Amino acid sequence: MTTRPDILCIGSVLWDVIGRTRLHMQPGADVPGRIERLPGGVALNIAVTLTRFGLRPALLSSVGRDTEGDALVATCEALGIQTEFLYRSEDLPTDRYMAIEGANGLVAAIADAHSLEAAGAKVLRPLEDGALGTEAKPWRGLVALDGNLTVALLEEIAHAQSFAGADLRIAPASPGKAERLLPFLRAGHGTLYVNLEEAGLLCQDRFDDAETAAGTLIGRGAARAIVTNGGQLCCDATADGLLTALPPKVLVTRVTGAGDSFMAAHIAAERDGADRPAALARALSAAAAHVSGDLAE
């Protein structure tokens, strides 16, 4: 019998190919560093972090029935993540993400998540066929959702009966996909996790601080908005008020996945019963630990 997961992580599940160097990089630079392949994607990054807090996450995504897909699924299972609800396609390859990071942060990245977009609503079948829920008896637990799904599918999720009772936590995946979260802003459904740039894109504005950005998102209809701003003040906003906190000061050695670590730690803290200040503090500490991780030469 399948163990009921503590949370569903819906979105990108892929291989990250990350090149890192301790040197500052400019366009066209050719420098020494390290290149590694890691299990990645927003949904998977969140799931991995959740396992470290003792939770049992399940993935809803598309992974190809190719060699890379088999290896990715095996890696996920070894990490304690449930993979039996994945959509495994014979025709669609396993998605990939490639990034270059220097001492000055993310230099460039390309996300090849075309298979997830092509799979569309097929990744949500377990929420409709009885495996995890049905329209009459929807899933009522936690859901971490990322913006790598298509605009049409995200619009559907924002209003779907199968998600009506879920504790929905949503991240855009990248600034380029921030506007895909507009359906949740209009519907006033779920908690939005965005950085300052993403908040500006959602509001078609520019913000100088997270507090103003989070307050504006609430004014535009968001049920709850948590806005980060790198090493600057972070804000958790609801209609009841704004809560701010300052991240720990650390030496930044990596960038990719920091927002996912923040979101996962925040979800885990609240599931454990932490109040808003304690949950925000735990999330900021987790993100700081992630970005300050040792980088081997």
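In this text, residue positions in the sequence shown follow UniProt numbering: the first is 1, and each later residue adds one.
Yeah, the Cβ is synthetic: ideal placement off N, Cα and C, and Gly gets one too.
Please read all numbers here as calculations on a predicted model, not as lab measurements.
- Item | Buried or exposed by the 16-neighbour rule on C-beta atoms within 10 Å, applied to isoleucine 157 | The count along the sequence shown starts at 1 and reaches residue 157 at position 157. With 16 or more Cβ atoms within 10 Å of its Cβ, isoleucine 157 is classed as buried.
- Test item: CB-CB of valine 194 and leucine 8 under 8 Å: Within the sequence shown, numbered from 1, the residue matching residue 194 stands at position 194. Within the sequence shown, numbered from 1, the residue matching residue 8 stands at position 8. Going by C-beta atoms, valine 194 is not nearer than 8 Å to leucine 8.
- Message: List, from N- to C-terminal side, the beta strand (DSSP E) runs of 3 residues or more that fit wholly inside the region 79 to 141.
- Response: Fully enclosed beta strand (DSSP E) runs of 3 or longer: 87 to 89, 96 to 102 and 105 to 112.
- For threonine 67, which of helix, strand or coil comes out of DSSP? As a position in the sequence shown, residue 67 is number 67, starting the count at 1. Looking at threonine 67 - three-state DSSP - the assignment turns out to be helix.
- Where methionine 1 and leucine 79 are concerned, what is the direct C-alpha to C-alpha distance, given to the nearest angstrom? As a first step, residue 1 is located in the sequence shown; it is residue number 1 there, counting from the start. As a first step, residue 79 is located in the sequence shown; it is residue number 79 there, counting from the start. The predicted position of methionine 1 is uncertain, since its pLDDT is 49 and thus under 50; no value can be drawn from it.
- Task: State yes or no: is the C-beta of glycine 241 within less than 8 Å of the C-beta of arginine 186?
- Result: The residue you call residue 241 lines up with position 241 of the sequence shown. The residue you call residue 186 lines up with position 186 of the sequence shown. No, the Cβ-Cβ distance between glycine 241 and arginine 186 is not below 8 Å.
- Task: Flag this pair as yes or no: are the beta carbons of leucine 196 and valine 227 separated by less than 8 Å?
- Result: Taking the sequence shown and counting its residues from 1, the one referred to as residue 196 is at position 196. Taking the sequence shown and counting its residues from 1, the one referred to as residue 227 is at position 227. Yes. Within cutoff.
- Report the partner residues of proline 57 according to the DSSP bridge assignment. Looking up residue 57 in the sequence shown gives position 57. For proline 57, which the question treats as bridged, DSSP gives the partners Ile7.
- Item | Cβ neighbours of glutamate 297 in the same chain (closer than 6 Å, five flanking residues each side left out) | Here residue 297 refers to the residue found at position 297 when the sequence shown is read from its first residue. Caution is warranted here: a pLDDT of 36 is assigned to glutamate 297, below 50, making its placement in the model unreliable, and the coordinate value is therefore given only provisionally. Same-chain partners within the cutoff: there are none.
- Task: Indicate the three-state DSSP secondary structure (helix, strand or coil) for asparagine 195 in the structure shown.
- Result: One-based indexing of the sequence shown puts residue 195 at position 195. DSSP places asparagine 195 within a strand segment (E or B) once states are collapsed to three.
- Query: Between which two residues does the alpha helix (DSSP H) containing leucine 14 stretch?
  - Reply: Along the sequence shown, one-based indexing puts residue 14 at 14. Segment 14 to 20 is the beta strand (DSSP E) holding leucine 14; no alpha helix (DSSP H) there.
- Query: Does DSSP put arginine 34 in a helix, in a strand, or in coil?
  - Reply: In the sequence shown, the residue the question calls residue 34 occupies position 34. Arginine 34: strand per DSSP, three-state reduction.
- Item | Sequence-distant residues of its chain with Cβ nearer than 7 Å to alanine 43 (five each side left out) | One-based indexing of the sequence shown puts residue 43 at position 43. Correct list, in chain order: Cys9, Ile10, Gly11, Ser12, Val13, Leu59, Ser61, Ala144 and Asp146.
- Query: Contact between the region 152 to 166 and the region 25 to 39: three or more CB pairs below 8 Å?
  - Reply: no
- Query: Below 8 Å between beta carbons: does that hold for alanine 99 and isoleucine 18?
  - Reply: For this step, residue 99 is matched to residue 99 along the sequence shown. For this step, residue 18 is matched to residue 18 along the sequence shown. Taking 8 Å as the Cβ cut-off, alanine 99 and isoleucine 18 qualify as a contacting pair.
- From the DSSP output, in three-state form, read off aspartate 167 for me. Taking the first residue of the sequence shown as position 1, residue 167 is located at position 167. Residue state, collapsed to three classes: strand.
- Query: What are the start and end residues of the beta strand (DSSP E) that includes aspartate 208?
  - Reply: As a working mapping, residue 208 is identified with position 208 in the sequence shown. Element bounds for aspartate 208: n/a, residue is neither H nor E.
- Which residues in the same chain have their Cβ closer than 7 Å to the Cβ of alanine 119, if we skip the five residues on either side of it in sequence? By one-based count along the sequence shown, residue 119 stands at place 119. Once the five neighbours on either side are set aside, the close Cβ partners of alanine 119 are Ser62, Tyr87, Ser89 and Leu92.
- Message: So, for leucine 246: in the same chain, excluding its five sequence neighbours on each side, which residues have a beta-carbon less than 7 Å away from its beta-carbon?
- Response: Position 246 of the sequence shown holds residue 246. Leu233.
- When Ser174, Phe163 and Gly176 are compared against phenylalanine 184, the one with the closest alpha-carbon: Position 184 of the sequence shown holds residue 184. Per the Cα distances, Phe163.
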